[in-house]
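**Q** Residue numbers 3 to 260, in our numbering, belong to the letters of the sequence shown in order. The structure is given below, and queries will be raised subsequently.
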Amino acid sequence: MARRTKLYEGKAKVLFSGPEPGTVIQYFKDDATAFNAQKKGTINGKGVLNNIISEFLMLRLHDIGIPTHFIRRLNMREQLVREVEIIPVEVIIRNVAAGSMSKRLGIPEGTVLPRSIVEYCYKSDELGDPLISEEHITAFGWASPQDIDDLLAMSLRINDFLCGVFTGIGIKLVDFKLEFGRIYDENGEMRIVLADEISPDNCRLWDAKTNEKMDKDRFRRDMGGVEEAYQEVARRLGILPEGGVAELQLVENESGDE
Ligand code: TMP
C-alpha cells in the first residue's frame with residue numbers, strides 16, 4: 003500500500019491525501035461525539051454504514067444536477083472525493099422543530115414548521131458552532147452574497163429531493179446539516195460543491211408512522227439501539243446486504259486497505 007499522508011482528523015472522519023492531485027480520501031470512523039465532543043463513544047459499524055449511505059445520497063444528488071465533492075467509494079470505510087476549500091459555514095435545513103431550535107425558541111419537538119427554515123452556523127469547534135446570520139457571513143468574508151444565494155438554492159433543492167427520497171421509505175427528514183466547499187478550475191474559476199457527508203450523524207430522521215428516532219439523537223440522548231437505527235436507514239434505502247452490517251464488515255476485513 004502506498005504511504006499516504008494524513009491531512010486532518012475530525013471527530014467522525016479522517017482525511018488522507020488522495021492518489022491524484024486535487025483528490026482526498028475520506029475515512030469514516032466508528033467514533034461518535036456529541037455536544038461539541040463533551041460526550042464521546044463508539045457506534046459499531048457506523049463508519050461503514052455512513053460511508054454507503056452518504057455515497058448513495060451524494061450519487062442521487064449528482065443525478066439531479068447538484069455538484070458534489072464525491073468521486074467514488076474505495077472500500078467499506080473510504081471514499082475518494084475532490085479536494086475542496088471548506089466554506090466555514092454549516093447550513094442547517096429544518097422541516098420539523100427539534101433539537102437546538104426547539105430549545106432556543108420554545109417550539110415543541112415535532113411541530114411541523116410553516117415552511118422549511120434555513121439556519122447558518124459558524125464552523126468552529128472552539129466556539130461550539132454558533133448560530134450566525136447572513137450579515138456575519140458577508141461582513142467577515144466567509145462567503146459573498148452571490149455564494150449565499152447559491153448555498154441557499156442548492157440547500158433547498160437538496161431538501162426537496164431528500165424529503166422525497168425519505169418519504170418514499172417511510173422516514174421524515176426532520177432536519178439536517180450540510181457543508182459546502184470551493185473548487186477552482188485551471189482558469190481560476192470557482193465553483194461551490196456539496197462536501198462532507200449526508201448520514202444519520204448529521205440528519206434527524208424519524209419513522210413516519212411512529213416518530214421513532216433513527217439517527218444520532220439516539221446516541222446524544224442515550225436511547226440505545228443506535229447501531230440498529232443506522233442499519234435500518236441503510237436497509238430501507240435498499241443498500242444493506244441481507245446479512246446486515248456483519249456482512250458488510252466481513253467484506254471490509256476481506257478487502258482491507260486499497
Ligand atoms: P441542532 O438541532 O442540534 O442544531 O442540529 C440540527 C441538525 O444539524 C441535526 O440534524 C444534527 C445536525 N448537526 C450536525 O450535523 N453537527 C453538529 O455539530 C450539530 C450541533 C448538529
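Glycine residues also receive a C-beta, built at the ideal position from the N, C-alpha and C atoms.
Taking 7 Å as the limit between beta carbons, can you name the residues of its chain near residue 70, skipping five residues before and five after?
**A** Closer than 7 Å at Cβ, skipping near neighbours: 60, 63, 64, 195 and 196.
**Q** Pull the bridge partners of residue 80 from the DSSP assignment, please.
**A** According to DSSP, residue 80 bridges with 29.
**Q** Report yes or no: do three or more beta-carbon pairs, one from the stretch 81–92 and one from the stretch 175–193, lie closer than 8 Å?
**A** Yes, the stretch 81–92 is in contact with the stretch 175–193.
**Q** Is the beta carbon of residue 93 less than 8 Å from the beta carbon of residue 124?
**A** Taking 8 Å as the Cβ cut-off, residue 93 and residue 124 do not qualify as a contacting pair.
**Q** Please confirm whether any heavy atom of ligand 1 lies closer than 7 Å to the CB of residue 205.
**A** Yes, the beta carbon of residue 205 sits closer than 7 Å to at least one heavy atom of ligand 1.
**Q** Is residue 43 close to ligand 1? I mean its beta-carbon at under 7 Å from any heavy atom of the ligand.
**A** No, since every heavy atom of ligand 1 falls outside the 7 Å radius drawn around the Cβ of residue 43.
**Q** Answer yes if the stretch 26–35 comes into contact with the stretch 43–60, meaning at least three C-beta pairs across the two stretches below 8 Å, and no otherwise.
**A** At 8 Å Cβ cutoff, the stretches touch.
**Q** For the beta strand (DSSP E) holding residue 197, just list the boundary residues, first then last.
**A** Unbroken beta strand (DSSP E) run through residue 197: 192–197.
**Q** Could you have a look at residue 126 and say whether DSSP puts it in helix, strand or coil?
**A** Three-state DSSP puts residue 126 in coil, outside helix and strand.
**Q** Buried or exposed for residue 80, please, with buried defined as at least 16 other CB atoms from any protein chain shown within 10 angstroms of its CB.
**A** The residue is buried, with at least 16 neighbouring Cβ atoms inside 10 Å.
**Q** Looking at the secondary structure, which residues open and close the beta strand (DSSP E) in which residue 176 lies?
**A** That run of the beta strand (DSSP E) goes 173–186.
**Q** Can residue 39 be considered in contact with ligand 1, in the sense that its beta carbon sits closer than 7 Å to one or more heavy atoms?
**A** Outside the cutoff, so no.
**Q** Classify residue 56 as buried or exposed, calling it buried when 16 or more other Cβ atoms lie within 10 Å of its own Cβ.
**A** Under this definition residue 56 is a buried residue.
**Q** Can you give me the Cβ contacts of residue 192 inside the same chain, cut-off strictly under 6 Å, excluding the 5 residues immediately before and after it?
**A** For residue 192, where only same-chain residues beyond five positions count, the Cβ hits under 6 Å are 184 and 186.
**Q** From this set, 37, 25 and 232, which residue's C-alpha is nearest residue 127's C-alpha?
**A** Per the Cα distances, 37.
**Q** Say whether the stretch 160–176 touches the stretch 20–27, bearing in mind that this needs 3 or more beta-carbon pairs closer than 8 Å, one atom from each stretch.
**A** As far as the Cβ criterion goes, the stretch 160–176 does not touch the stretch 20–27, which means the pair count is below three.
**Q** Contact defined as beta carbons within less than 8 Å: I believe residue 233 pairs with residue 253. What is the distance between those atoms, to the nearest angstrom?
**A** So it is not a contact: roughly 15 Å between Cβ atoms.
**Q** Going straight from the alpha carbon of residue 242 to that of residue 218, what length do you get?
**A** Cα to Cα, the separation comes out at about 19 Å.
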